[in-house]
Amino acid sequence: MSRVFSGIQPTGEPHIGNYFGAMRNYVRLGEQYGKQSLYCVVDLHAITNPAASDPRYLAARTFDMAVANFAVGLDPSQVTFFVQSHVPEHQELAWIFTCLTPVGELERMTQYKDKTAQLESVPAGLLMYPALMAADILLYKAGVVPVGEDQTQHIELTREIARKFNHHFGETFPEPQAVYNKEALRIPGVDGHGKMSKSKGETSTLGILEPLDSVWQKLRVAPTDPARVRRTDPGNPDVCLIFDYHKLFSDLPTIELVNVECRRAGIGCVDCKKKLMEGVTAHLTPIQERAEELRADPSYVRDALAQGAQEARAIAAPVMEEVREKVGFLKV
Ligand code: AQP
């Protein structure tokens, strides 16, 4: 049976893009693959962007990211859930992959270009990010990787690295496949500026653990179809991010109603947003209640993470032994 691997960065509160794009698939695949599905809070990735990983908050955000994943339905007794820095083999394999990967390949990654565009000084870790990500996945010989569409290029590079390693050192790694949630490939930010993203700050995100009144304040002022200036103007849901969100949170009759009524100016944007908020509330309330219970029991979360790291290392250690031997390191 193949393994599943995915990681999520503790760079801020998880948002509905992370949730619909990736975390829901973690839960679905977790039910199917059990302990052979590995999920990881990737704190080593988080520190590649110093602006997004203040050391005062990193541990708390790592803890909160675990809470959020458990709250949406990942059961740590059924899957393998851990923190990346607790399994040092990730870094060891990442170094070997770094040595196999041309700098040019890393420099052409879109995410690298986006994240460095505003930086005066670029940390080398940002460039090496995809080599570490390849190590995360291949350390467990995972074949299935649930991610959002923004990770496509990194998964392609992971496949390339696996091929290269196999070619140089003998057949070792599978070529993993990305698994997407087709309904949530790239959720737009609530500010209307591109992809919803933690590192763009709270104006971009709707957090899954965010107080609902704060969510409403953001939705209330969120941009809609720019061509719809007056209430009486017909709108176009196809260019409206509120309609994108309806498709995630609302039931089919509501989606259909909003679609039809917006086009003939039968519903105003505020009422449309209120209807959306009903779906958001129904979705997020049980998740937020579960998160509160988990926060009240920190030892449960910590014990689960310690156990998860042990389980992950039990898989990683023999793979690393095989890799060391194939690369030719001296054994004493
Ligand atoms: N807007 C999105 N729509 C769909 N999927 C998304 N993902 C992220 N944003 C969206 C998916 O969520 C998983 C975890 O993401 P991550 O935290 O590891 O890093 P990211 O992709 O870089 O997400 P962010 O929020 O944009 O984080 P920062 O700003 O810290 O880099 C991934 O599978 C991702 O595809």
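8 is the number of the first residue of the sequence shown in my numbering; add one for each residue after it.
Even glycine gets a Cβ: it sits at the ideal position worked out from N, Cα and C.
Source: prediction; values computed, not measured.
Burial state of Thr69 (16 or more Cβ within 10 Å): Within the sequence shown, numbered from 1, the residue matching residue 69 stands at position 62. Its Cβ being crowded by 16 or more others within 10 Å, Thr69 is buried.
Supposed contact pair Ala319 and Thr87 - C-beta distance, whole angstroms, cut 8 angstroms: In the sequence shown, counting from the first residue as 1, residue 87 sits at position 80. In the sequence shown, counting from the first residue as 1, residue 319 sits at position 312. Rounded, the Cβ-Cβ distance is 6 angstroms, consistent with contact.
Inter-residue CB distance, Glu55 and Pro137 (contact presumed, cutoff 8 angstroms): Sequence index remark: in the sequence shown, residue 55 carries index 48 (1-based). Sequence index remark: in the sequence shown, residue 137 carries index 130 (1-based). The sequence given here places Thr at residue 55; Glu does not occur at that position. Wrong, their Cβ atoms sit about 10 angstroms apart, outside the cutoff.
Residue-level contact to chain B via CB, Pro109, 7 angstroms cutoff: The question asks about chain B, but that chain is absent: this structure has only one protein chain.
Closer than 5 angstroms: residues whose CB approaches a heavy atom of ligand 1: Ile15, Gln16, Thr18, Gly24, Asn25, Gly28, Ala29, Val154, Gly155, Asp157, Gln158, Arg193, Ile194, Lys202, Met203, Ser204, Lys205, Ser206
His253 classed as buried or exposed, judged by whether at least 16 other C-beta atoms fall within 10 angstroms: Numbered from its first residue, the sequence shown carries residue 253 at position 246. So His253 counts as buried.
Contained beta strand (DSSP E) runs [length at least 3] in the region 188–259, N- to C-terminal order: none
Proximity of Tyr147 and Arg10 at Cβ, strictly below 7 angstroms: By 1-based counting over the sequence shown, the position of residue 147 is 140. By 1-based counting over the sequence shown, the position of residue 10 is 3. Result yes, Cβ atoms of Tyr147 and Arg10 sit closer than 7 angstroms.
C-alpha distance - Ile23 paired with Glu285, whole-angstrom precision: Position 16 of the sequence shown, counted from the start, is the residue given in the question as residue 23. Position 278 of the sequence shown, counted from the start, is the residue given in the question as residue 285. Roughly 15 angstroms between the two C-alpha positions.
Span separating the alpha-carbon of Ile274 from that of Ser211: Within the sequence shown, numbered from 1, the residue matching residue 274 stands at position 267. Within the sequence shown, numbered from 1, the residue matching residue 211 stands at position 204. In a straight line, the C-alpha of Ile274 is about 25 angstroms away from that of Ser211.
Beta-carbon gap between Ala298 and Val74 smaller than 7 angstroms: Taking the sequence shown and counting its residues from 1, one reaches residue 298 at position 291. Taking the sequence shown and counting its residues from 1, one reaches residue 74 at position 67. Yes.
Where the beta strand (DSSP E) through Ala75 begins and ends: Position 68 of the sequence shown, counted from the start, is the residue given in the question as residue 75. Premise fails: Ala75 lies in the alpha helix (DSSP H), 62–78, not in any beta strand (DSSP E).
Three-state secondary structure (DSSP) of Arg10: In the sequence shown, the residue the question calls residue 10 occupies position 3. DSSP places Arg10 in strand when its eight states are reduced to three.
Residue range of the unbroken alpha helix (DSSP H) whose run includes Pro137: Within the sequence shown, numbered from 1, the residue matching residue 137 stands at position 130. It spans 131–145 - the alpha helix (DSSP H) in which Pro137 sits, taken as one unbroken run.
Segments of 3+ residues assigned as beta strand (DSSP E) that fall wholly inside the region 280–330: none
Beta-carbon spacing of His52, Gln16 below 7 angstroms: In the sequence shown, residue 52 corresponds to position 45, counting from 1. In the sequence shown, residue 16 corresponds to position 9, counting from 1. Yes; because the gap between Cβ atoms is below 7 angstroms, this pair is in contact.
From Gln314, Leu219, Glu178, residue whose alpha carbon lies closest to that of His290: Walking along the sequence shown from the start, residue 290 turns up at place 283. Looking at the Cα atoms, Leu219 is the closest of the given residues.
DSSP state of Ala124 mapped onto helix, strand, coil: The count along the sequence shown starts at 1 and reaches residue 124 at position 117. The answer is coil: DSSP assigns Ala124 none of H, G, I, E or B.
Three-state secondary structure (DSSP) of Val154: Stepping through the sequence shown from its first residue, residue 154 is reached at position 147. Note: Val154 maps to coil in three-state DSSP.
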